[in-house]
Amino acid sequence: MDDESAQEYINKWVEQGLMSPPAILTTLHFRMQSQVDPHTLPMGLSKTFQRLSTAPQNNSNNDIPTANEESLVAFLADASAIPASLAPASRLIYQMIHHLSHSPFPPSDPSTPRPLTLPEFQRGIFWLLPDQANLFIDQGSSSRTRTPADHCRMLFQSLATKTASNSQLFNLSEARKLSERRAYQVPEYQSMSRDFCRPNFDDDGDELFHDVLDVLYTVQPLEIGPYARVERDSFRELAKRLGGETASVTLREMEIGEERFRVLLRYLLAAQLRQDGRVCGEVVERKEELDEAVEAVLGSFCLHRGEGIGWEKFYSAVTTVFPHLFEPLFNLIHKLLGHPSPELTLDNFSSLPKTACKETSVLTPAAFAQLNTFFSSKTTFDRDFVCTRTHSTEAVGLENRAFRGTIEAVISNDKNPTLLVVSGTMNSTAEKCVLGFFSDPSSENNVIFQLHPIHDIFYPNKGDTIDVEETEDGVLLYGKERWIEMTLANHGREVVLACRPKRMDREMEGEMWGFRQMRGDFEMRVGVERMEVWEEFPIGEGAAA
């Protein structure tokens, strides 16, 4: 269809009131209802909403039932989904749903979420869950493919309530390059739609503008027929007008406040581990350890405190360091529907290894929760994962036969998944530091990680393995001449972790490269105070002595 004809249709729809924000959201809701699985989302949500909703009390929706923040908090508490000590997270989750219920337009007053009707509640849920937008947003040759970056951005937008003070400092050219790369990154199961990938940041607007375009294309009346529709680009002028009426900030002017994110992180970490199908009490009860873990995770999102968390920091951290951080939230939302996701059921979350409950363990319950944020759900640290060897300060040193034997046993292990964890004090700052590496012979899944004072993970270059090599004063555990090196120095009394991003393989560039550049080159020396070896043993096998 030529653009002149397209504009005639668009102008007619505008005159008919079909292209106002309220009308667009109503049509979008019907679209969601018709495209998602009718036996799961709408049905489960309706039942949950009946329990959440309250009788109208002179609100703007007249006699339409609504759900509010208090009712969701009470519902989650009654269902034992979120412990009372983490109740602020329930409020934040409601605020996220409230924000997304207006998408692609921002709520008029995000600071004071109002009660939601069932259609609004459903819209917020559908936008919040992964892959749902691919079901109700039309994608094809006349539109664009939505990618995982779009969903990650919806999470960010639902949490961002501040305007960044230094937003004017971002590099426009670099921001567009990053945006375009993400617009073409689709998972393998979505490969058929790769041909329809398009940039969503251009001279007309950023990703927020293009969200409006996606929705306008989707909600257009089909009076012309399904194969003769107004193309997405023809809606640009209308999208600009609507954006001017509703948008107050651009994506890169948005920011998540640190304290707001802390509230959610406490829940996301605590819910990484399950106990009888509920959030693990051991994690929640040991509040000081949980708070330490939260601060370490927060450090990955904002290395310099007080700056807030912008979009680029958020996306790089989630995709590079925390690929599974938000899974407990998605699982909780599916529980709200009454139909757990087959891919995110509680069974895929680890229970707590028994020996992690010891007060002396380096891997505390909160530390295990941190590990779960970046290991695949297939690598769960369940009750068969046990601490098999420990060495404290007085027994540390390669001249100690048992200590050297531990190192050699870990490196030569070719059977069971193994964790080597070191706790100590950083020589330069006297801060507590916990780091280590994980080796899984069955999957060649080898990673170096840091849990304190900043949570981080270092993936070896493709094909690299963990090696052992004698040095002048210790043992090189991993990385000679590689971008990440981990060495037992000073005859085993120190661990040296050196990071040099410029040595990374080109295959690993992208978000990993961007995140590494934010932290930059560094070398840390940690005085070893305690070392632990954890091994996973199949049921029926015994642990090593």
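Residue 342 in UniProt numbering sits at position 342 of the sequence shown, with consecutive numbering throughout.
Note that CB positions come from ideal geometry on N, CA and C, so glycine has one too.
Quick one: Cα of residue 16 to Cα of residue 98, how far?
In the sequence shown, residue 16 corresponds to position 16, counting from 1. In the sequence shown, residue 98 corresponds to position 98, counting from 1. If I take the Cα positions, the gap works out to 28 angstroms.
I'd like the span of the beta strand (DSSP E) that includes residue 530, first residue to last.
The residue labelled residue 530 in the question sits at position 530 within the sequence shown. That run of the beta strand (DSSP E) goes 522-536.
Quick check on residue 64: does DSSP put it in helix, strand or coil?
As a working mapping, residue 64 is identified with position 64 in the sequence shown. Of the three classes helix, strand and coil, the one that applies to residue 64 here is coil, per DSSP.
Could you check which residue in 113, 155, 535, 533 has the C-alpha nearest to that of residue 130?
As a first step, residue 130 must be located in the sequence shown, where it is residue number 130. Answer by Cα proximity: 155.
Start-end ranges of the alpha helix (DSSP H) lying completely within the segment 207-255, minimum 4 residues
207-219, 236-246
Given 8 angstroms as the limit, is there contact between the segment 253-268 and the segment 310-325, that is, 3 or more CB pairs closer than that?
yes
Where does the unbroken beta strand (DSSP E) through residue 495 begin, and where does it stop?
By 1-based counting over the sequence shown, the position of residue 495 is 495. Where residue 495 is concerned, the enclosing beta strand (DSSP E) stretches over 494-499.
Quick check: what's the CA-CA separation for residue 132 versus residue 126?
Taking the sequence shown and counting its residues from 1, one reaches residue 132 at position 132. Taking the sequence shown and counting its residues from 1, one reaches residue 126 at position 126. Answer to the nearest angstrom: the Cα atoms are 6 angstroms apart.
Return the CA-CA distance between residue 210 and residue 260, expressed in angstroms with no decimal places.
Your numbering for residue 210 matches position 210 in the sequence shown. Your numbering for residue 260 matches position 260 in the sequence shown. Approximately 27 angstroms between the Cα atoms of the pair.
So, with DSSP's three-state summary, where would you put residue 96?
Translated into the one-based positions of the sequence shown, residue 96 becomes position 96. Here residue 96 sits in helix by DSSP.
Could you have a look at residue 309 and say whether DSSP puts it in helix, strand or coil?
Residue mapping note: residue 309 aligns to position 309 of the sequence shown, counting from 1. In this structure, residue 309 counts as strand in the three-state DSSP scheme.
For residue 375, report the span of its alpha helix (DSSP H) as first-last.
Start at 1 with the first residue of the sequence shown, and residue 375 comes out as number 375. Unbroken run through residue 375: none, as it is neither H nor E.
Short Cβ contact (8 angstroms threshold) for residue 535 with residue 364:
Residue mapping note: residue 535 aligns to position 535 of the sequence shown, counting from 1. Residue mapping note: residue 364 aligns to position 364 of the sequence shown, counting from 1. No, these two residues do not count as a Cβ contact at 8 angstroms.
For residue 498, which residues from the same chain have a beta carbon less than 6 angstroms from its beta carbon, with the 5 sequence-adjacent residues on both sides left out?
Residue numbering aside, residue 498 sits at position 498 when the sequence shown is read from its first letter. Once the five neighbours on either side are set aside, the close Cβ partners of residue 498 are 485, 523.
In this structure, does DSSP put residue 452 in helix, strand or coil?
Along the sequence shown, read from residue 1 onward, the residue named residue 452 stands at position 452. Reduced to three states, the DSSP call for residue 452 is strand.
On the three-pair Cβ rule with 8 angstroms, is the segment 81-99 touching the segment 263-275?
yes
Going by DSSP, what residue range makes up the beta strand (DSSP E) through residue 322?
Your numbering for residue 322 matches position 322 in the sequence shown. Unbroken run through residue 322: none, as it is neither H nor E.
Does the distance from the C-beta atom of residue 451 to that of residue 435 stay below 8 angstroms?
Residue 451 sits at position 451 when you count from the first residue of the sequence shown. Residue 435 sits at position 435 when you count from the first residue of the sequence shown. For residue 451 and residue 435, yes; Cβs fall inside 8 angstroms.
Assuming residue 289 is part of the alpha helix (DSSP H), what are its boundary residues?
Stepping through the sequence shown from its first residue, residue 289 is reached at position 289. Where residue 289 is concerned, the enclosing alpha helix (DSSP H) stretches over 287-301.
Please confirm if the segment 400-414 is in contact with the segment 422-435, defined as three or more CB-CB distances below 8 angstroms between the two stretches.
no
Within the continuous beta strand (DSSP E) that includes residue 423, where are the two ends?
The residue given as residue 423 occupies position 423 in the sequence shown. Counting along the chain, the beta strand (DSSP E) containing residue 423 begins and ends at 418-426.
Under the criterion of a Cβ to heavy atom distance below 7 angstroms, does residue 293 qualify as lining the ligand GTP?
No copy of the ligand GTP appears in this structure; indeed no ligand is present at all.
What span of residues does the alpha helix (DSSP H) with residue 392 cover, start to end?
For the purposes of this step, residue 392 is identified with residue 392 of the sequence shown, where counting begins at 1. Where residue 392 is concerned, there is no enclosing alpha helix (DSSP H), although the beta strand (DSSP E) it sits in stretches over 385-392.
How about residue 81 and residue 335: are their beta carbons less than 8 angstroms apart?
Position 81 of the sequence shown, counting from 1, holds the residue named residue 81. Position 335 of the sequence shown, counting from 1, holds the residue named residue 335. It is a contact, given that the beta carbons lie within the stated cut-off.
Tell me whether residue 192 is buried or exposed, calling it buried when 16 or more other Cβ atoms sit within 10 Å of its Cβ.
Residue mapping note: residue 192 aligns to position 192 of the sequence shown, counting from 1. It is exposed - the Cβ of residue 192 has fewer than 16 other Cβ atoms within 10 Å.
From residue 10 to residue 288, what distance separates their C-alpha atoms?
In the sequence shown, the residue the question calls residue 10 occupies position 10. In the sequence shown, the residue the question calls residue 288 occupies position 288. Cα-Cα distance, rounded: 58 angstroms.
Given a cut-off of 8 angstroms on the beta-carbon distance, is the pair residue 280 and residue 273 in contact?
Position 280 of the sequence shown holds residue 280. Position 273 of the sequence shown holds residue 273. For residue 280 and residue 273, yes; Cβs fall inside 8 angstroms.
DSSP has residue 470 in a bridge; who is on the other side?
Translated into the one-based positions of the sequence shown, residue 470 becomes position 470. DSSP output for residue 470 lists 475 as bridge partner(s).
Can you check whether the CB of residue 457 is closer than 8 angstroms to the CB of residue 563?
Because the chain spans 1 through 545 in this model, residue 563 falls outside it and cannot be assessed.
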